[in-house]
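Enquirer: Can you keep this structure in mind? I'll have questions shortly.
Chains as they are written, first to last, in full-length UniProt numbering: chain A, 1 to 383; chain B, 1 to 383.
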């Protein structure tokens, strides 16, 4: 049920004809209320797609009635015509739903630099609105897939209220603020400023710490909409915890479906002076192609970990650092420790622990390995 | 003749038994004078190998009598024992050559985190010193190869003086200051402060702008030694130009032999506000795996160029940017321009031109594509 698990939301996912393959490519999600409170976070990439430019304006007042999402084209760097298509998308949904266009978010994903056909999108929106239903969440989650091999969905249950969610993303997975298209819904009664605070707190330690391939998208958007239909107003801290739980689940699902990956790597950094330092150190490893290729080859090449973290500005002494891989400490105080033959890197789930011995802060970055399949999928994406 | 092309230098390259394969793995280069002036630049990675820790001290006084280089082991993160091996290497060369150990540089390259056998290295040094000759430069260039498929050498001829050089490097090619092991020699009579200035000016616009895989080495070192044997003291500007010419040639040779690469990509950024901005923009593209994989697939995916440069802090408007690939302008003012089918990316030499329209500064970054062979070579390096 995903985004339609909470009361007050209808959704649909259809094949509008945007994708040449004929696969599903357009989703609409509507908040039937009684509340229309919402919050959203957007990519921090300065190269922003047209739907981001539009949606930033729509979300600014903390009120969203509906969201239209399309796969099959990013509508990014498509000029004023491209912006017109985004605007027309919102107008079409607004007209059919009887809401204001300024309350309709638009999200797009696919190839950058190609025009979407405004007429095809508009007809798709009308068709999707006609099929809206309280169990359309599954179709919506499938309609936003690009190179994803499966839909990503989540439901978090609480006492008389719920959070539902869906996500897409398999490449260009690195944080701007968000790192993909995500829609979260809840039937809790929550004001938009509380939604905003909960969403930013959650994305900061979930999607923002997923760095599959170091490439920041132009189209990322995470939206949280509250219908209030349950009549329950949870305590802000409880609500924030539930949002974080939903985001963490979706982040792991995105990692597990990353393009071509054969390992899901959790890089845990401990003993940093600050949490930001821990994130910087973890990210330097997550973005090191030599490390990522070594993990693909089941090679516990800890030297590449140290070479990567040595490029950061985080305060620590490289010659005090310990590195463990899947529970085996292969480097102690900057020297070889257990023989690398003891490390088993054949499981898909991989844990790298880096102990900096500089402070008490920690953070975990999620990434993937660099594989033949990643290169293959991304060398042929446009064709 | 490479480093032995200038008068006053002897060199040797031998198989000392460090590499299990029995290939050549140790080189010695001696400056016979009359001058021993020298300058060196080192990796800015904080994770520094033992030979870097040693050589930074040796080079500090602008005087170098000899340099010992080994492949087959980086001697990095090998603890105090590893530093002892570096020290012993310098002592062995100093004793055999009748110079001070504090005038002997040491360079190492290979796997991080494995001990070098001090006895094997010492015997190798003595054996190499016995074979020093004025035409040993070719052997020296071969002895420092790791995954390099061919030696990289250069000779720059001027009126009665020369610069000779050799380089190794095929992976972990991204600038700290230098990005690889490079030795340059000259028989010009040049004081060490002039050498230093010329070397830093040259590396800044050559090796520092080669960014093959974004991975900064722990062992990079570029050394320039002057024997003064020609008796000619060129004007500093003429000398600096010749050093830059030699470094530029070696940088291109390194790019052309980068691990697994199928394209040599020059990313030219024009219209930046400052040269540093141009470098930041070019580097963001050079380090974008999606862009690099697209070039491997002969796909002129300019959207990935814009997505990459949007992550920088350089001042420009993404919606004013033009992008050309191999002479075809595929993006104009942030919109699609010539059809991507017009771009021929089949040649190995690839030119990407990014016009920011923000100022008058420019810079070119050299990089490579991301290929199956890169992943393969680097997933199996340790085995």
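Just so you know, even glycine gets a beta-carbon here, dropped at the ideal spot from N, CA and C. Model, not experiment: these values are computed from the prediction.
1. Does the pairing of the region 257-273 of chain A with the region 287-299 of chain A give three or more beta-carbon distances under 8 Å?
2. On a Cα-Cα basis, can you pick out the residue from A:59, A:272, A:240, A:105 that is closest to residue 27 of chain A?
3. For residue 35 of chain A, which residues from the same chain have a beta carbon less than 7 Å from its beta carbon, with the 5 sequence-adjacent residues on both sides left out?
4. Comparing C-alpha positions only, which one of B:219, B:356, B:206 sits nearest to residue 311 of chain A?
5. Listing by chain order, which chain B residues have their CB less than 9 Å from the CB of residue 335 of chain A?
6. Applying the 10 Å Cβ sphere with the 16-neighbour rule, what's the burial state of residue 45 of chain A?
7. Measuring only the C-alpha atoms, how far is residue 110 of chain B from residue 69 of chain B?
8. Given a threshold of 16 other Cβ atoms within 10 Å of its Cβ, counted over all protein chains shown, does residue 237 of chain A qualify as buried or as exposed?
9. Between which two residues does the beta strand (DSSP E) carrying residue 168 of chain B extend?
10. Determine, using beta carbons only, whether residue 354 of chain B and residue 268 of chain B come nearer to each other than 9 Å.
11. Check whether the region 118-129 of chain B and the region 12-29 of chain B touch, using three or more Cβ-Cβ pairs below 8 Å as the test.
12. Please identify the residue among A:321, A:217, A:361 whose C-alpha is closest to the C-alpha of residue 278 of chain A.
13. Along the region 44-56 of chain B, what residues have a CB closer than 9 Å to any CB found in chain A?
14. At a Cβ cut of 9 Å, what residues of the region 335-353 of chain B count as close to chain A, listed as they run along the chain?
15. Give the DSSP-derived three-state secondary structure of residue 152 of chain A in the structure shown.
16. Would DSSP call residue 215 of chain A helix, strand or coil?
17. Is it the case that the Cβ atoms of residue 143 of chain A and residue 71 of chain A are separated by a distance below 9 Å?
18. Give me the residue from B:276, B:147, B:258, B:314 with the minimum Cα distance to residue 47 of chain A.
19. Let's see if you can read the secondary structure: which residues bound the alpha helix (DSSP H) around residue 291 of chain B?
20. Under 9 Å, do residue 328 of chain A and residue 309 of chain A count as touching if we go by C-beta distance?
21. Less than 9 Å between the beta carbons of residue 41 of chain B and residue 65 of chain B, yes or no?
22. Relative to the C-alpha of residue 156 of chain B, which candidate in B:84, B:77, B:246 has its C-alpha closest?
23. Tell me whether the beta-carbon of residue 250 of chain A lies closer than 9 Å to the beta-carbon of residue 166 of chain A.
24. Tell me which residues share the same chain as residue 54 of chain B and place their Cβ nearer than 6 Å to its Cβ, disregarding the 5 neighbours each side in the sequence.
25. For residue 218 of chain A, which residues in chain B fall below 7 Å Cβ to Cβ?
26. How is residue 2 of chain A classed by DSSP in three states: helix, strand or coil?
27. List the residues that DSSP assigns as beta-bridge partners of residue 221 of chain A.
28. Please go through the same chain and pick out, in chain order, the residues whose beta-carbon is closer than 8 Å to the beta-carbon of residue 103 of chain B, but skip the five residues on each side of it.
29. Return the chain-ordered list of same chain residues with a C-beta closer than 8 Å to the C-beta of residue 306 of chain A, the five sequence neighbours on each side being excluded.
30. Could you tell me the boundaries of the alpha helix (DSSP H) in which residue 205 of chain A lies?
31. Could you tell me which uninterrupted beta strand (DSSP E) segments, each at least 3 residues in length, are contained entirely in the region 247-320 of chain B, listed from first to last along the chain?
32. Can you tell which of B:88, B:61, B:92, B:51 has the C-alpha that lies nearest to the C-alpha of residue 75 of chain B?
33. For residue 332 of chain B, name the three-state secondary structure that DSSP assigns.
34. Beta strand (DSSP E) containing residue 365 of chain B: first to last residue?
35. Hey, how far is the Cα of residue 154 of chain B from the Cα of residue 140 of chain B?
36. Can you tell me where the alpha helix (DSSP H) with residue 86 of chain B in it begins and where it stops?
Expert: Inspection of the coordinates gives the following:
1. Pairwise C-beta distances place the region 257-273 of chain A in contact with the region 287-299 of chain A, as three or more of them are shorter than 8 Å.
2. By 1-based counting over the first chain, the position of residue 27 of chain A is 27. Among A:59, A:272, A:240, A:105, the Cα nearest to that of residue 27 of chain A is on A:105.
3. On the first chain, position 35 is the one that residue 35 of chain A refers to. Excluding sequence neighbours, residue 35 of chain A sits near 189, 226, 227, 228.
4. One-based indexing of the first chain puts residue 311 of chain A at position 311. Proximity to residue 311 of chain A across B:219, B:356, B:206 peaks at B:219, based on C-alpha coordinates.
5. For the purposes of this step, residue 335 of chain A is identified with residue 335 of the first chain, where counting begins at 1. The answer, in chain order, is 77, 78, 79, 80, 81, 82, 113.
6. On the first chain, residue 45 of chain A is found 45 positions in, with the first residue counted as 1. Residue environment: residue 45 of chain A is assigned as buried (16 or more neighbouring CB atoms within 10 Å of its CB, all protein chains considered).
7. Numbered from 1 along the second chain, position 110 holds the residue referred to as residue 110 of chain B. Numbered from 1 along the second chain, position 69 holds the residue referred to as residue 69 of chain B. Near 11 Å, if we compare the C-alpha coordinates of residue 69 of chain B and residue 110 of chain B.
8. To locate residue 237 of chain A, count along the first chain from 1; it is residue 237. With fewer than 16 neighbouring CB atoms inside 10 Å of its own CB, residue 237 of chain A falls in the exposed class.
9. In the second chain, the residue the question calls residue 168 of chain B occupies position 168. Start and end: 161-168.
10. On the second chain, position 354 is the one that residue 354 of chain B refers to. On the second chain, position 268 is the one that residue 268 of chain B refers to. Inclusion of residue 354 of chain B and residue 268 of chain B in the CB contact set at 9 Å is warranted, their separation being smaller than that value.
11. Yes, the region 118-129 of chain B touches the region 12-29 of chain B.
12. Taking the first chain and counting its residues from 1, one reaches residue 278 of chain A at position 278. Scanning A:321, A:217, A:361 for the CA closest to the CA of residue 278 of chain A turns up A:361.
13. If the cut-off is 9 Å between Cβ atoms, the region 44-56 of chain B has 44, 45, 46, 47, 48 near chain A.
14. Those residues of the region 335-353 of chain B that come within reach of chain A (Cβ to Cβ, closer than 9 Å) are 335, 336, 340.
15. Along the first chain, read from residue 1 onward, the residue named residue 152 of chain A stands at position 152. In the structure shown, residue 152 of chain A sits in a strand (DSSP, three-state: E or B).
16. Numbered from its first residue, the first chain carries residue 215 of chain A at position 215. Residue state, collapsed to three classes: coil.
17. Numbered from 1 along the first chain, position 143 holds the residue referred to as residue 143 of chain A. Numbered from 1 along the first chain, position 71 holds the residue referred to as residue 71 of chain A. Yes; because the gap between Cβ atoms is below 9 Å, this pair is in contact.
18. Locating residue 47 of chain A in the first chain gives position 47, where the first residue counts as 1. The candidate whose alpha carbon is nearest that of residue 47 of chain A is B:314.
19. Along the second chain, one-based indexing puts residue 291 of chain B at 291. Start and end: 289-296.
20. For the purposes of this step, residue 328 of chain A is taken as the residue at position 328 of the first chain. For the purposes of this step, residue 309 of chain A is taken as the residue at position 309 of the first chain. In this structure, residue 309 of chain A does not lie closer than 9 Å to residue 328 of chain A by Cβ.
21. Taking the second chain and counting its residues from 1, one reaches residue 41 of chain B at position 41. Taking the second chain and counting its residues from 1, one reaches residue 65 of chain B at position 65. Not in contact: residue 41 of chain B and residue 65 of chain B (Cβ atoms no closer than 9 Å).
22. Here the question's residue 156 of chain B lines up with position 156 in the second chain. Nearest of B:84, B:77, B:246 to residue 156 of chain B, Cα basis: B:246.
23. Here residue 250 of chain A is taken as the residue at index 250 of the first chain, counted from 1. Here residue 166 of chain A is taken as the residue at index 166 of the first chain, counted from 1. In terms of Cβ geometry, residue 250 of chain A and residue 166 of chain A form a close pair [threshold 9 Å].
24. For this step, residue 54 of chain B is matched to residue 54 along the second chain. Excluding sequence neighbours, residue 54 of chain B sits near 86, 106.
25. Residue mapping note: residue 218 of chain A aligns to position 218 of the first chain, counting from 1. Contact note: residue 218 of chain A reaches chain B through 307, 310, using a C-beta cutoff of 7 Å and chain order.
26. Position 2 of the first chain, counted from the start, is the residue given in the question as residue 2 of chain A. Residue state for residue 2 of chain A is assigned as helix, using DSSP reduced to three classes.
27. Here the question's residue 221 of chain A lines up with position 221 in the first chain. Listed as beta-bridge partners of residue 221 of chain A by DSSP are A:42, A:181.
28. Residue mapping note: residue 103 of chain B aligns to position 103 of the second chain, counting from 1. Contacts found: 36, 58, 63, 64, 65, 66, 94.
29. Sequence index remark: in the first chain, residue 306 of chain A carries index 306 (1-based). For residue 306 of chain A, where only same-chain residues beyond five positions count, the Cβ hits under 8 Å are 318, 321, 323, 331, 334.
30. Numbered from its first residue, the first chain carries residue 205 of chain A at position 205. Per DSSP, residue 205 of chain A belongs to the alpha helix (DSSP H) from 192-205.
31. Counting only runs of 3 or more, we get 264-272.
32. Along the second chain, one-based indexing puts residue 75 of chain B at 75. Answer by Cα proximity: B:51.
33. The count along the second chain starts at 1 and reaches residue 332 of chain B at position 332. Residue state, collapsed to three classes: strand.
34. Taking the second chain and counting its residues from 1, one reaches residue 365 of chain B at position 365. Looking at the DSSP string, the run of the beta strand (DSSP E) that includes residue 365 of chain B is 361-368.
35. For the purposes of this step, residue 154 of chain B is taken as the residue at position 154 of the second chain. For the purposes of this step, residue 140 of chain B is taken as the residue at position 140 of the second chain. It is roughly 13 Å from the alpha-carbon of residue 154 of chain B to the alpha-carbon of residue 140 of chain B.
36. To locate residue 86 of chain B, count along the second chain from 1; it is residue 86. Element bounds for residue 86 of chain B: 79-97.
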